[in-house]
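For the sequence shown, position 123 matches number 135 in the numbering used here, and the numbering has no gaps at all. Even glycine gets a Cβ: it sits at the ideal position worked out from N, Cα and C. Computed from a prediction, not measured in an experiment: that's the story for all the values here.
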Amino acid sequence: MRLVSKILLVIFFLLIIPSSGCCRYLADRLIKAPNYGKAKEQLGELTEDRMKYLQIDHQMRVDVGPPDASLHIAIIEPKIEWEVTPGTLWYGNVRGLFEKIAAEHPDSTVPEILYWRKYPDSNDSDPAGFTFTTKPSEPNLIELVTKGTIICLPGIRMSKDILVATWGQVLAAHGYKMVLIDLRGQGKSTGDMITLGSVETRDLLQVIDCLEAEGIIKGRLILMGGSYGAAIAINAAQADERIEAVIAMEPYSSLTEAAWSFARTEFGFWAWLFGKSCIEKSIEIAGSIAGFKPEDIAPVKAITKSKTPVLLIHGLQDEHIPYQHSIRLNKAAPDHTKLVLVDGSDHLTLPFHKIYPIRDEIINWLEETP
13 MRLVSKILLV IFFLLIIPSS GCCRYLADRL IKAPNYGKAK EQLGELTEDR MKYLQIDHQM
73 RVDVGPPDAS LHIAIIEPKI EWEVTPGTLW YGNVRGLFEK IAAEHPDSTV PEILYWRKYP
133 DSNDSDPAGF TFTTKPSEPN LIELVTKGTI ICLPGIRMSK DILVATWGQV LAAHGYKMVL
193 IDLRGQGKST GDMITLGSVE TRDLLQVIDC LEAEGIIKGR LILMGGSYGA AIAINAAQAD
253 ERIEAVIAME PYSSLTEAAW SFARTEFGFW AWLFGKSCIE KSIEIAGSIA GFKPEDIAPV
313 KAITKSKTPV LLIHGLQDEH IPYQHSIRLN KAAPDHTKLV LVDGSDHLTL PFHKIYPIRD
373 EIINWLEETP
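Have a look at this one:
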């Protein structure tokens with residue numbers, strides 16, 4: 013009898029939780045930023061060692077708002093050739109390989125300084141697109157003519173650091189100045205609330221104003237983002253004609269339509285327990301708390317109001333934000349979008365595991381796009 017009573021009690025709580033506090037709880041979790049309550053002095057700047065490790069050339073902050081926030085930005089200048097020395101990310105990545113070769117060939121040595129080059133040619137003989145040498149080229153072609161400036165936007169609750177040694181360096185090696193931003197409340201940026209793209213889009217436009225005033229933007233201005241960052245990029249392009257192209261990886265077509273699939277994949281059993289209606293209700297509550305309208309965060313609407321070229325890249329195995337979102341965006345604006353679907357990639361692997369084939373798609377598209 014006691015066991016039956018306990019089971020009935022559990023069932024009772026499971027039935028009443030979704031209709032009471034669960035939606036508010038999810039809403040609070042959704043908008044509370046990782047850096048909630050932290051000042052920029054607490055978050056600090058990148059140390060010299062960290063800058064060397066990530067091969068970042070400059071860092072800066074831009075104050076945005078309202079609500080007030082300080083966004084941390086890293087800049088990578090265009091380069092053909094990079095020095096790979098002890099204390100850099102790339103040196104740590106390749107040293108094990110060279111030590112293995114050295115062990116197999118005792119007469120060889122592992123150089124303390126290496127250089128690698130990435131080539132703009134999409135027909136690289138090396139599938140990774142770079143080669144190593146023990147001395148710089150003659151002449152030492154370090155700087156390229158800047159083809160444009162690409163502002164990189166990470167996904168939700170992610171730091172820009174994850175993009176530095178991937179897309180930051182890869183595209184810098186093809187002649188683009190890379191500007192990587194920690195969105196509000198993430199990485200080294202302040203901010204108590206995440207508004208799922210509403211305030212963040214306005215933040216981005218203020219950053220562009222600052223970069224333009226400082227003379228940092230060179231060539232055409234391009235936005236590149238993943239997931240949440242991709243949605244912000246599409247929305248920003250609709251609001252600002254200075255943006256000349258957008259590279260959108262795994263974007264959602266609308267926030268409300270993406271919420272359930274993302275929650276189901278991210279939270280598993282708990283999402284099913286709370287239910288789709290609770291997930292959708294939590295988005296509405298989040299909007300009322302943070303001061304935004306979820307229905308306004310709809311890239312599928314923004315993309316029809318802009319003529320900015322958009323490259324849509326999506327993994328066919330993406331369960332967080334299914335590839336149908338990119339298909340919907342493409343169909344909404346077929347005249348100025350291109351859709352690339354990548355087999356074998358999901359939401360977490362697409363931006364990082366197939367960099368070089370995707371790089372070729374991006375570089376070729378940028379060269380073809382006026």
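Out of the options, which one is the CA nearest neighbour of residue i?
i    : options                   : result
E292 : P311, E269 and A302       : E269
S266 : H186, M236 and K305       : K305
V182 : I370, P382 and E380       : I370
G167 : L362, I228, E379 and D69  : L362
R62  : K159, A177 and Y188       : A177
P382 : E331, H365, Y103 and V322 : V322
A184 : K230, D358, V76 and N47   : K230
L378 : E212, I87 and I259        : I259
G390 : E60, K50 and L360         : Because the chain spans 13 through 382 in this model, residue 390 falls outside it and cannot be assessed.
I87  : I228, L351 and I309       : I228
G241 : S273, L351, C290 and L324 : L324
V211 : Y37, C35 and I43          : I43
M261 : F364, T100 and S171       : F364
L351 : N47, L328 and D358        : L328
G197 : V76, E331 and R36         : V76
N47  : E331, S171 and Y37        : S171
V157 : I255, R169, G180 and Y188 : Y188
I255 : C290, I295, S318 and S201 : S318
G104 : R169, G180 and K64        : K64
R169 : L353, A45, H326 and I339  : A45
C35  : Y335, I295, V354 and H326 : I295
R73  : D355, S201, R41 and T100  : S201
Secondary structure at residue i, three-state DSSP: helix, strand or coil?
i    : result
N135 : No answer about N135 holds up, because its pLDDT of 45 lies below 50 and its placement is not dependable.
R254 : coil
D355 : coil
Q54  : helix
T178 : helix
Q71  : strand
L360 : coil
L101 : helix
H337 : helix
K350 : strand
M190 : strand
A45  : coil
M261 : strand
H332 : coil
S266 : coil
I171 : One detail in the question is off: residue 171 reads as Ser in this sequence, not Ile. Three-state DSSP puts S171 in coil, outside helix and strand.
I309 : coil
T381 : coil
S82  : strand
T2   : Any answer about residue 2 is impossible in this case: the structure gives the chain only from 13 up to 382.
G160 : strand
K91  : strand
G303 : coil
Tell me whether residue i, by its Cβ, gets closer than 7 angstroms to a heavy atom of the ligand ADP.
i   : result
A39 : The ligand ADP is not part of this structure, which contains no ligands at all.
Express the C-alpha separation of residue j and residue i in angstroms, rounding to a whole number.
i    : j    : result
A257 : I163 : 11 angstroms
W165 : E116 : Checking the displayed sequence, the identity of residue 165 turns out to be Leu instead of Trp. Using only the alpha carbons, I get a separation of about 42 angstroms.
Y264 : L58  : 31 angstroms
Q250 : K52  : 31 angstroms
L341 : R276 : 22 angstroms
Q409 : L195 : The structure shown has nothing for residue 409, since the chain only spans 13 to 382.
P78  : G303 : 11 angstroms
D173 : L66  : 8 angstroms
M190 : L285 : 43 angstroms
T320 : P98  : 42 angstroms
K343 : G33  : 39 angstroms
I193 : R232 : 18 angstroms
K91  : K159 : 12 angstroms
A225 : H337 : 36 angstroms
G199 : L175 : 12 angstroms
Q71  : H186 : 21 angstroms
G49  : G203 : 8 angstroms
K288 : W272 : 6 angstroms
I234 : D252 : 12 angstroms
F274 : I333 : 6 angstroms
C222 : T213 : 15 angstroms
I309 : K366 : 29 angstroms
E331 : S357 : 10 angstroms
E89  : G56  : 22 angstroms
C290 : V354 : 32 angstroms
M236 : Y37  : 32 angstroms
E307 : D69  : 39 angstroms
T100 : I339 : 39 angstroms
Stretch pair the stretch 68 to 88 + the stretch 208 to 223: three plus CB contacts closer than 8 angstroms | Per the Cβ contact rule, the stretch 68 to 88 is in contact with the stretch 208 to 223 (3 or more Cβ pairs under 8 angstroms).
Between the stretch 368 to 379 and the stretch 338 to 349, do at least 3 Cβ pairs fall closer than 8 angstroms?
-> Segments in contact, no.
Entirely enclosed alpha helix (DSSP H) segments - the stretch 193 to 251, minimum 4 residues = 210 to 225 and 240 to 251
Decide if the stretch 296 to 315 is in contact with the stretch 191 to 210; the criterion is three or more beta carbon pairs, one per stretch, under 8 angstroms apart.
-> yes
Counting pairs of Cβ atoms below 8 angstroms between the stretch 304 to 322 and the stretch 237 to 254, do you hit three or more?
-> Three or more pairs of CB atoms, one per stretch, sit closer than 8 angstroms, so the stretch 304 to 322 contacts the stretch 237 to 254.
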